[in-house]
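Protein chains: 4
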Amino acid sequence: MASDIIIRPLRAEDHEEWSRLWTAYLAFYETELPAEVYQTAFSRLLSGEAGEFQGLIAEIDGQPVGLTHYLFHRMLWSIEDTCYLLDLYTDPSARGRGAGRALIEAVHSAAKEAGIPDIYWQTQEFNYKGRMLYDQLATRTPFIIYEKHG
Amino acid sequence: MASDIIIRPLRAEDHEEWSRLWTAYLAFYETELPAEVYQTAFSRLLSGEAGEFQGLIAEIDGQPVGLTHYLFHRMLWSIEDTCYLLDLYTDPSARGRGAGRALIEAVHSAAKEAGIPDIYWQTQEFNYKGRMLYDQLATRTPFIIYEKHG
Amino acid sequence: MASDIIIRPLRAEDHEEWSRLWTAYLAFYETELPAEVYQTAFSRLLSGEAGEFQGLIAEIDGQPVGLTHYLFHRMLWSIEDTCYLLDLYTDPSARGRGAGRALIEAVHSAAKEAGIPDIYWQTQEFNYKGRMLYDQLATRTPFIIYEKHG
Amino acid sequence: MASDIIIRPLRAEDHEEWSRLWTAYLAFYETELPAEVYQTAFSRLLSGEAGEFQGLIAEIDGQPVGLTHYLFHRMLWSIEDTCYLLDLYTDPSARGRGAGRALIEAVHSAAKEAGIPDIYWQTQEFNYKGRMLYDQLATRTPFIIYEKHG
């Protein structure tokens with residue numbers, strides 16, 4: 000079913016397609032970010048350094064159709080780090096082919112290879128389409144999020 | 000009101016009181032952790048290194064009555080990092096005197112000093128007493144959390 | 000779009016199709032009811048008496064494909080009664096053609112004709128497909144439901 | 000603990016105290032109702048007729064300190080009716096003495112005497128104080144409420 004989807008690390012030559020996909024993703028959250036944030040994010044994603052987000056691309060027929068960004072970070076309740084999956088996106092035209100699921104599972108595999116057992120992500124309560132997938136793959140916790148702004 | 004509460008960084012000599020407070024906090028989440036996790040957590044909290052959680056203690060009359068643990072970590076949607084407030088606890092006997100509020104505000108100040116505008120935390124939907132405070136200080140987002148375990 | 004859908008009152012000759020549709024609906028809630036409840040419900044739905052639920056059928060090409068059950072009942076906060084929409088179902092094979100929306104709007108019209116301005120219904124938080132429709136037609140309130148059993 | 004609380008049916012001579020209590024309750028929901036609604040509601044509550052809400056008063060030392068309004072209405076999923084507890088209020092000065100709990104339990108008893116096994120009520124997700132009580136007495140269902148206005 001998902002056999003024609005390839006998940007691979009983000010690469011420098013993905014810059015244009017990555018920008019397109021991330022912009023489409025951010026638009027879902029009614030968010031626009033300045034060019035400086037794109038530049039900084041892309042450079043951090045490629046840095047390979049500890050404490051930086053990493054990126055994966057979903058490809059169908061050699062064409063990027065989805066992305067995810069995730070961060071390994073400390074967790075005090077365990078010796079192991081945890082993994083925060085921040086962004087997840089698939090082109091509308093490529094949906095229903097398993098790219099979202101494959102991206103989440105690839106993050107999970109990358110975490111496990113790094114000795115990290117759990118991944119987590121936030122989603123809006125009313126992200127019904129996303130949650131149809133997440134309910135199959137993961138567990139909804141009873142946690143909600145509070146934010147305090149500058 | 001909160002005038003007799005002092006918030007200060009966690010110190011090596013707090014080990015015993017810190018263990019007591021963290022154990023009481025974890026009990027609220029019906030969680031017990033092995034000694035190794037306590038040792039590792041305490042040593043990381045005191046390390047002062049980037050990528051590690053930091054700790055604050057709330058003191059009344061020279062006696063530790065509360066704690067919080069927080070982590071600065073990357074955020075892709077901004078140049079600035081963000082701040083994840085993980086643990087927050089006040090002794091039942093010291094409640095109602097503003098220690099919880101003072102701890103959150105001290106994390107917020109520490110974040111701002113580090114150039115980080117926002118802090119966020121998770122709480123259980125049914126943590127009514129906590130939410131009475133959080134609703135005064137912060138904004139509930141529409142986000143929920145999914146987890147995928149090893 | 001919904002031009003081929005007819006919404007009409009439940010009739011005695013619908014008994015078999017009504018049973019089929021209600022059973023399918025109840026199965027969604029993992030509920031099975033004894034024959035006695037079917038008999039009593041059907042007879043009450045057709046009674047035309049005050050204080051009883053009423054039923055509507057959605058028909059496509061003369062074939063029942065959906066149903067709804069609703070009750071007018073007192074409300075203390077207004078002179079007017081209110082309207083509780085209890086059950087709503089469309090055959091999977093007929094979905095996407097507007098039957099669910101037409102059923103809700105027909106209940107709303109029936110209520111308005113009876114001098115009742117508002118209708119309300121419950122749905123499970125995780126009824127994502129239903130909520131995609133409800134969010135277009137109605138407002139989610141901040142209310143949740145508690146139940147105390149015998 | 001609740002030994003000094005008496006729960007009894009609403010009576011005609013309660014009009015003034017009932018108005019005071021209901022006004023205070025409605026103020027919690029930032030609601031003001033015209034005199035006509037008060038008149039109609041009170042007269043319906045005392046009517047003793049089927050299809051009307053009924054009222055109970057909580058008394059301490061002969062003084063009304065709380066009220067509840069409830070309605071028996073049809074339910075299609077059972078032969079028995081169900082019971083909708085609409086309003087529940089205790090004077091702030093009388094809180095902590097068990098009046099809210101006693102009122103809910105009295106509605107439950109009245110329902111059982113009428114052959115009705117279950118009672119239910121709505122509450123706002125963020126009614127933390129109410130929910131501390133409800134979580135002890137009842138079960139939170141996964142249901143949320145949608146409303147469609149005139």
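Residue numbers (numbering that gives the first Met the number 0), protein chains in the order written: chain A, 0 to 149; chain B, 0 to 149; chain C, 0 to 149; chain D, 0 to 149.
The C-beta atom is built at its ideal place from N, Cα and C for all residues, glycine as well.
These numbers come from a predicted model, not from an experiment.
{"Item": "Return helix, strand or coil for M0/C, following the three-state DSSP convention.", "Value": "With a pLDDT of 47 at M0/C, under the threshold of 50, the modelled position of this residue cannot be trusted; read the value that follows with caution. Here M0/C sits in coil by DSSP."}
{"Item": "I'd like the span of the beta strand (DSSP E) that includes E112/D, first residue to last.", "Value": "First-last for E112/D: A98 to E112, but that is the alpha helix (DSSP H), not the beta strand (DSSP E)."}
{"Item": "Please say whether I56/B and D210/B have beta carbons closer to each other than 9 Å?", "Value": "The structure shown has nothing for residue 210/B, since chain B only spans 0 to 149."}
{"Item": "With a 10 Å radius around its C-beta and 16 neighbouring C-beta atoms as the bar for buried, classify R130/B as buried or exposed.", "Value": "buried"}
{"Item": "Which runs of the beta strand (DSSP E), 3 residues or longer, sit entirely within the stretch 36-71 of chain C?", "Value": "53-59"}
{"Item": "Quick check: what's the CA-CA separation for R19/D versus A40/B?", "Value": "55 Å"}
{"Item": "Around the C-beta of A150/A, are 16 or more other C-beta atoms found within 10 angstroms, so that it is buried, or is it exposed?", "Value": "In this structure chain A extends from 0 to 149, so residue 150/A is not present and cannot be described."}
{"Item": "Just grab the DSSP bridge partners of F142/A for me.", "Value": "Q123/B"}
{"Item": "Within 10 angstroms of the Cβ of A93/C, are there 16 or more other Cβ atoms? Answer buried if so, exposed if not.", "Value": "buried"}
{"Item": "Taking 9 Å as the threshold (beta carbon to beta carbon), is D3/B in contact with chain A?", "Value": "no"}
{"Item": "Could you give the DSSP three-state label for Y28/D: helix, strand or coil?", "Value": "coil"}
{"Item": "Between the stretch 77-90 of chain B and the stretch 104-123 of chain B, can you find at least three pairs of beta-carbon atoms closer than 8 Å?", "Value": "yes"}
{"Item": "Using a beta-carbon distance below 9 Å, is S100/B in contact with chain D?", "Value": "Per the sequence shown, the amino acid found at residue 100/B is Arg instead of Ser. No, R100/B lies away from the interface with chain D (no Cβ there is under 9 Å from its Cβ)."}
{"Item": "Nearest to Q62/C by CA position, among Y127/C, E15/C and K147/C, is which residue?", "Value": "E15/C"}
{"Item": "If we count the other Cβ atoms within 10 Å of its Cβ and call it buried at 16 or more, is K147/A buried or exposed?", "Value": "buried"}
{"Item": "Taking its Cβ as the centre, do 16 or more other Cβ atoms sit within 10 Å of G149/B, making it buried, or is it exposed?", "Value": "exposed"}
{"Item": "I'd like the span of the beta strand (DSSP E) that includes L84/D, first residue to last.", "Value": "T81 to T89"}
{"Item": "List the residues of chain B that R150/D touches, going by C-beta distances under 9 Å, in chain order.", "Value": "As shown, chain D starts at 0 and ends at 149. That puts residue 150/D outside it, with no answer to give."}
{"Item": "Considering only the alpha carbon of each residue, which of R139/B, Q135/B, Y127/B and Q121/B lies closest to F142/A?", "Value": "Q121/B"}
{"Item": "Taking Q135/C as the reference, give the member of A113/C, I103/C and L75/C with the closest Cα.", "Value": "I103/C"}
{"Item": "What is the rounded straight-line gap between the Cα of D3/C and the Cα of H72/C?", "Value": "32 Å"}
{"Item": "For R73/A and chain B, any beta-carbon pair shorter than 9 Å?", "Value": "yes"}
{"Item": "Hey, out of D86/C, G95/C, P8/C and L75/C, whose CA is closest to E35/D's CA?", "Value": "L75/C"}
{"Item": "Rounded to whole angstroms, what is the Cα-Cα separation between A98/C and Y127/C?", "Value": "17 Å"}
{"Item": "With 16 other CB atoms within 10 Å as the buried threshold, where does D86/A fall?", "Value": "buried"}
{"Item": "Please report how far the alpha carbon of E124/C lies from the alpha carbon of S42/B, in whole angstroms.", "Value": "42 Å"}
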